[in-house]
Amino acid sequence: MKVLIFGKQASGKGTQAKLIAEKYRLVHIATGDIFREIRKEDSELGKKVRALIDGGKLVPDDVTTEIVMAKLKSLGKKGFILDGYPRNLTQVKAFEKIPIDIALLIEISDAEAVKRMSARRICNNSKCGEIYNTLVKKPKQEGKCDKCGSSVIQRDDDKPESIKKRLETYRRETAPIMEFYKKKGLLKEVDGTRPIESIFREIRGILDKIKH
Numbered sequence: 041m042k043v044l045i046f047g048k049q050a051s052g053k054g055t056q057a058k059l060i061a062e063k064y065r066l067v068h069i070a071t072g073d074i075f076r077e078i079r080k081e082d083s084e085l086g087k088k089v090r091a092l093i094d095g096g097k098l099v100p101d102d103v104t105t106e107i108v109m110a111k112l113k114s115l116g117k118k119g120f121i122l123d124g125y126p127r128n129l130t131q132v133k134a135f136e137k138i139p140i141d142i143a144l145l146i147e148i149s150d151a152e153a154v155k156r157m158s159a160r161r162i163c164n165n166s167k168c169g170e171i172y173n174t175l176v177k178k179p180k181q182e183g184k185c186d187k188c189g190s191s192v193i194q195r196d197d198d199k200p201e202s203i204k205k206r207l208e209t210y211r212r213e214t215a216p217i218m219e220f221y222k223k224k225g226l227l228k229e230v231d232g233t234r235p236i237e238s239i240f241r242e243i244r245g246i247l248d249k250i251k252h
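In short: position in the sequence shown from 1, add 40, done, that's the working numbering.
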């Protein structure tokens, strides 16, 4: 099975992607995780990616496509769930030669996205990186990571101005992809405002109808 998953930042698509990967034994490919690793590097690419992400912008199409295609090639015939690609119509065109079974869209409002993203906190220790949320998952001791004791901070790209830029980018570049896959009959929309278990139950119902 080959699955794409889409959604605004903080829609919960990453959580659902992990659940899907575990349930259906798929390889979970998250471009965000790949970029975060590259971002830590002191290479030219690392510096470039870091500046783009911190400014609420997307990594260039050619770089993203090269990274994703290399990963997919390494999988052989294994099924996958791809989270974070394609992000615009240019990437869609580059990706067309890869047949997919379904494209899932986890839908939440802009207001809900801002609320969730503003509440996100992360451990400042790059070797740990534990994620917290002031609404649902606070560290036991305020400002300190439960796992390693390092400081817990709010990332620059989780602050209001950067959030607005990211949502504008999503609407401008990512949203048209939904129309593309909708016309192909591959898009399934799922309400992302419900509890994780309820969302996953609906997704299972959708995926179980697909031939493996």
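Positions of the beta carbon are idealized from the N, C-alpha and C atoms, including for glycine. Please read these numbers as outputs of a predicted model, since none were measured by experiment.
| query | Where does residue 245 land, buried or exposed, given buried means 16+ other C-beta within 10 angstroms? | reply | The residue labelled residue 245 in the question sits at position 205 within the sequence shown. So residue 245 ends up on the exposed side.
| query | Mind checking residue 51: buried by the 16 CB within 10 Å criterion, or exposed? | reply | Taking the first residue of the sequence shown as position 1, residue 51 is located at position 11. Burial state of residue 51 is buried, judged by a 10 Å Cβ sphere holding 16 or more other Cβ atoms.
| said: I'd like the list of long-range same chain contacts for residue 178, defined as Cβ closer than 7 Å, with 5 residues on each side in sequence excluded. | reply: Locating residue 178 in the sequence shown gives position 138, counting from the first residue. If we look at residue 178 and ignore the five residues flanking it on each side, its Cβ neighbours are 172.
| request: Would you kindly check if the distance between the Cβ of residue 153 and the Cβ of residue 207 is under 8 Å? | output: As a working mapping, residue 207 is identified with position 167 in the sequence shown. As a working mapping, residue 153 is identified with position 113 in the sequence shown. The Cβ-Cβ distance between residue 207 and residue 153 falls below 8 Å.
| query | Just to confirm, does residue 141 get its C-beta within under 7 Å of one of the non-hydrogen atoms of the ligand GTP? | reply | Only the bare structure without any ligand can be found here, which leaves the ligand GTP out of the picture.
| query | Who are the Cβ neighbours of residue 115 in its own chain at under 7 Å, not counting the five residues just before and after it? | reply | Against the sequence shown, residue 115 aligns to sequence position 75. Excluding sequence positions up to five before and after residue 115, its CB lies within less than 7 Å of the CB of 67, all in the same chain and listed in chain order.
| request: Report the rounded CA-to-CA distance for residue 49 versus residue 211, giving the unit in angstroms. | output: Position 9 of the sequence shown, counted from the start, is the residue given in the question as residue 49. Position 171 of the sequence shown, counted from the start, is the residue given in the question as residue 211. C-alpha separation (whole angstroms): 11 Å.
| request: Decide if the segment 85-98 is in contact with the segment 180-198; the criterion is three or more beta carbon pairs, one per stretch, under 8 Å apart. | output: Enough Cβ pairs lie closer than 8 Å, so yes.
| Between which two residues does the beta strand (DSSP E) harbouring residue 70 extend? | Taking the first residue of the sequence shown as position 1, residue 70 is located at position 30. Note, residue 70: beta strand (DSSP E), 67-70.
| said: Going by C-alpha to C-alpha distance, which of 126, 109 and 166 sits closest to residue 144? | reply: Within the sequence shown, numbered from 1, the residue matching residue 144 stands at position 104. It is 126 whose Cα lies nearest to the Cα of residue 144.
| request: Flag this pair as yes or no: are the beta carbons of residue 162 and residue 192 separated by less than 8 Å? | output: Numbered from its first residue, the sequence shown carries residue 162 at position 122. Numbered from its first residue, the sequence shown carries residue 192 at position 152. In this structure, residue 192 lies closer than 8 Å to residue 162 by Cβ.
| Span of the alpha helix (DSSP H), counted from its first residue to its last, around residue 161 | Position 121 of the sequence shown, counted from the first residue, corresponds to residue 161. Annotation: residue 161 is outside any alpha helix (DSSP H); the continuous beta strand (DSSP E) that includes it extends over 160-163.
| request: Per DSSP, which residues does residue 172 bridge with? Please list them. | output: Against the sequence shown, residue 172 aligns to sequence position 132. Per DSSP, the beta-bridge partners of residue 172 are 161.
| field | Boundaries of the alpha helix (DSSP H) in which residue 91 is found, first to last residue | value | Your numbering for residue 91 matches position 51 in the sequence shown. Its alpha helix (DSSP H) spans residues 84-94.
| Straight-line CA distance for residue 236 to residue 243? | Locating residue 236 in the sequence shown gives position 196, counting from the first residue. Locating residue 243 in the sequence shown gives position 203, counting from the first residue. Looking at the two C-alpha atoms, the distance is approximately 11 Å.
| field | Alpha carbon of residue 140 to alpha carbon of residue 240, nearest angstrom | value | Walking along the sequence shown from the start, residue 140 turns up at place 100. Walking along the sequence shown from the start, residue 240 turns up at place 200. Cα to Cα, residue 140 sits roughly 20 Å from residue 240.
| Just reading off the beta strand (DSSP E) that residue 203 is part of, what are its end residues? | Residue mapping note: residue 203 aligns to position 163 of the sequence shown, counting from 1. Premise fails: residue 203 lies in the alpha helix (DSSP H), 200-209, not in any beta strand (DSSP E).
| Inter-residue CB distance, residue 122 and residue 69 (contact presumed, cutoff 8 Å) | What you label residue 122 is simply residue 82 of the sequence shown in a count that begins at 1. What you label residue 69 is simply residue 29 of the sequence shown in a count that begins at 1. That pair is a contact at about 5 Å.
| request: Please report the residue range of the beta strand (DSSP E) in which residue 42 lies. | output: For this step, residue 42 is matched to residue 2 along the sequence shown. Counting along the chain, the beta strand (DSSP E) containing residue 42 begins and ends at 42-47.
| task | Specify the secondary structure class of residue 136 as computed by DSSP and reduced to three states. | result | What you label residue 136 is simply residue 96 of the sequence shown in a count that begins at 1. In the structure shown, residue 136 sits in coil (DSSP, three-state: anything other than H, G, I, E or B).
| Cβ shell of residue 130 (< 6 Å), same chain only, five flanking positions each side left out | Walking along the sequence shown from the start, residue 130 turns up at place 90. Here residue 130 has 101 as same chain residues with Cβ atoms under 6 Å from its own Cβ, once five neighbours each way along the sequence are excluded.
| said: Under DSSP, the alpha helix (DSSP H) around residue 81 begins and ends at which residues? | reply: Here residue 81 refers to the residue found at position 41 when the sequence shown is read from its first residue. No alpha helix (DSSP H) contains residue 81, which DSSP labels as neither H nor E.
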